[in-house]
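Chemist: Top line first, the protein sequences correspond to chains A and B. The numbering used here numbers the first residue of the first sequence as 1 and each following residue consecutively. The numbering used here numbers the first residue of the second sequence as 1001 and each following residue consecutively. Structure provided below as structure tokens; questions to follow.
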Amino acid sequence: MMADKFKRSVFLQNPVFGMALALCPALAITTSLKNATGMGIAVLCVLIATNFSVSLLRRWIPYRVRIPCYLVIIATFVTMADIIMKAHEPHLSTNLGIFVPIMAVNCIIIGRADSFASKNKVGASIIDAAGTGLGFFLALLLCALIRESLGANRLFGVTLIPHVEPMRAMLCACGGFFSIALVLGISSHVKLTRSKKQ
Amino acid sequence: MNIHALLQLVASSMLINNIVFTLLIGFCPLCGAYRRLSGAAWMGVAVTIVMGTTASCCWVINQYVLVPRSAQYLHTLVFILVIVSLVQLLEMVLEKFFPWLYEAIGVYLPVIATNCSVLAICLLSVGANPVTGRPFTFVEALVNGIASGAGFLLALVLISGVRHRLELSNVPAAMRGLPIIFLSAGLISLAFLGFTGLSFAPMFGG
Chain A
1 MMADKFKRSV
11 FLQNPVFGMA
21 LALCPALAIT
31 TSLKNATGMG
41 IAVLCVLIAT
51 NFSVSLLRRW
61 IPYRVRIPCY
71 LVIIATFVTM
81 ADIIMKAHEP
91 HLSTNLGIFV
101 PIMAVNCIII
111 GRADSFASKN
121 KVGASIIDAA
131 GTGLGFFLAL
141 LLCALIRESL
151 GANRLFGVTL
161 IPHVEPMRAM
171 LCACGGFFSI
181 ALVLGISSHV
191 KLTRSKKQ
Chain B
1001 MNIHALLQLV
1011 ASSMLINNIV
1021 FTLLIGFCPL
1031 CGAYRRLSGA
1041 AWMGVAVTIV
1051 MGTTASCCWV
1061 INQYVLVPRS
1071 AQYLHTLVFI
1081 LVIVSLVQLL
1091 EMVLEKFFPW
1101 LYEAIGVYLP
1111 VIATNCSVLA
1121 ICLLSVGANP
1131 VTGRPFTFVE
1141 ALVNGIASGA
1151 GFLLALVLIS
1161 GVRHRLELSN
1171 VPAAMRGLPI
1181 IFLSAGLISL
1191 AFLGFTGLSF
1201 APMFGG
């Protein structure tokens, strides 16, 4: 039951490819696998911490002012993540730049807090957060894999094929759009062929 | 403060660093339901107004409240609260004094309050000015907010036009919906790369 739910939030209801949420970080910071890993881990941690605290406080947060309350909780954890990242991974922090603080208004985090953690027990909320965060992480990695291998001819900084000029456009802003379009197109193709078979 | 630096700032934040196509922030409303051109344009106007007010207010709060107490680490938290309350206030003011404008953009205001592009502009306006390299002044922060909002308006109108054309064309089944919109947005973004290096300096002899 729990494992089933977990699998569903990672794959079927994948925040980026299933629901088209939180596209800004997915488009912007996937220029390298290292950036994607950093962002993915940060989102995962903030998501778990937020769902945990919202679920703990769900009886005390008045319904009418719930969104501002969630925003304050999320912004606190995001600020913590930002400071920790600046201290331990200064290079990664400069690469991600404004996208770490912007996480505070990320639709996935607000969405999970409002639609799941505010109605469920602590344990279930943490599992939901872990599943969603992992799904987001995988989506980021997939985009980064496409962009870094095509745009820089590298994976995790290791050159793939020597003496080959990479397609630099994939590292520019437009590459983000192209890679997401590609992955979304493939996933909808898979869905279509599956529904035809049934 | 010279007009030429301000113009350069407008070009920079509207075209060269277009918030949607170059910085890749705030894409969510573009895949939303703003298919009609008029809806997209009014949404863009709302974003421009909100960005102008919030960017200047956040600049003032940063300069006179956070910096003297060396509490800049609270940027994100404070700015979110400022944005949410300012949008609420803006809604009330518009409803009272400009009912015709409220009728057009009122529905978009709550959506904009939690849009990442507004927070991004507020955070950028307490950083360094990309044109001069120095910290933003109040006027520059205000101009930057409005120009970025105008860039957002441009992006919304462009995408809504593309969507209108896409509805009439025969798209492969797997690419229908979001994938083809992303693909077209990527092409527009490729075109926006052409603005890189755009400079007004020669025109004004600066």
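Every residue, glycine too, gets a C-beta built ideally from N, C-alpha and C. Predicted, not measured: the structure shown is a model, and the values here were computed from it.
#1: With a threshold of 8 Å, are at least 3 pairs of Cβ atoms found where one atom belongs to the stretch 69-82 of chain A and the other to the stretch 1087-1097 of chain B?
#2: Can you name the residues of chain E whose CB is closer than 8 Å to the CB of Leu92 of chain A?
#3: On a Cα-Cα basis, can you pick out the residue from B:Asn1144, B:Val1157 and B:Leu1124 that is closest to Phe1079 of chain B?
#4: Would you identify the three-state DSSP class for Thr1048 of chain B, choosing helix, strand or coil?
#5: Less than 7 Å between C-beta atoms, sequence neighbours within five positions excluded: which residues of the same chain meet that for Ser187 of chain A?
#6: Indicate whether the contact test is met: 3 or more Cβ pairs, each with one atom in the stretch 1132-1140 of chain B and one in the stretch 1091-1106 of chain B, closer than 8 Å.
#7: If you check the beta carbons only, do Ser1117 of chain B and Phe177 of chain A fall under 8 Å apart?
#8: Skipping 5 residues on each side, what residues in its chain have a beta carbon closer than 8 Å to that of Gly1205 of chain B?
#9: With 16 as the cutoff for other CB atoms within 10 Å, does His1075 of chain B come out buried or exposed?
#10: With DSSP as the reference, label Val183 of chain A as helix, strand or coil.
#11: Please report the distance separating the alpha-carbon of Pro162 of chain A from that of Ile67 of chain A.
#12: Could you tell me which residues DSSP pairs with Thr159 of chain A in its beta bridges?
#13: Taking Cβ to Cβ, would you say Leu1142 of chain B is nearer than 8 Å to Ala1040 of chain B?
#14: For the stretch 1012-1029 of chain B, which residues have a beta carbon sitting closer than 8 Å to at least one beta carbon of chain A?
#15: So, does the CB of His189 of chain A fall closer than 8 Å to a CB anywhere in chain B?
#16: Tell me the DSSP secondary structure of Ala1128 of chain B in three-state form.
#17: Can at least three beta-carbon pairs, one atom from the stretch 179-196 of chain A and one from the stretch 1174-1184 of chain B, be found at a separation below 8 Å?
#18: Would you say Phe1097 of chain B faces chain A, with C-beta separation under 8 Å as the test?
#19: Output the distance between the C-alpha atoms of Phe11 of chain A and Arg194 of chain A, rounded to the nearest integer angstrom.
#20: Quick one, are the C-beta atoms of Ile1146 of chain B and Gly1052 of chain B less than 8 Å apart?
#21: Among residues of its own chain, excluding the 5 on either side of Phe1098 of chain B, which ones have a beta-carbon nearer than 8 Å to its beta-carbon?
Modeler: Short version:
#1: no
#2: Looking for chain E here will not work: the only protein chains present are A and B.
#3: B:Leu1124
#4: helix
#5: Shown here for Ser187 of chain A: same chain residues with a beta carbon closer than 7 Å to its own, the five before and five after excluded, namely Phe17 in chain order.
#6: no
#7: no
#8: Only weak support exists for where Gly1205 of chain B lies, its pLDDT of 46 falling under 50; the coordinates are left without a value.
#9: buried
#10: helix
#11: 51 Å
#12: Per DSSP, A:Arg154.
#13: no
#14: Phe1021, Thr1022, Leu1023, Leu1024, Ile1025, Gly1026, Phe1027 and Cys1028
#15: Yes, contact with chain B.
#16: strand
#17: yes
#18: no
#19: 15 Å
#20: In contact: Ile1146 of chain B and Gly1052 of chain B (Cβ atoms closer than 8 Å).
#21: Hits under 8 Å: none found.
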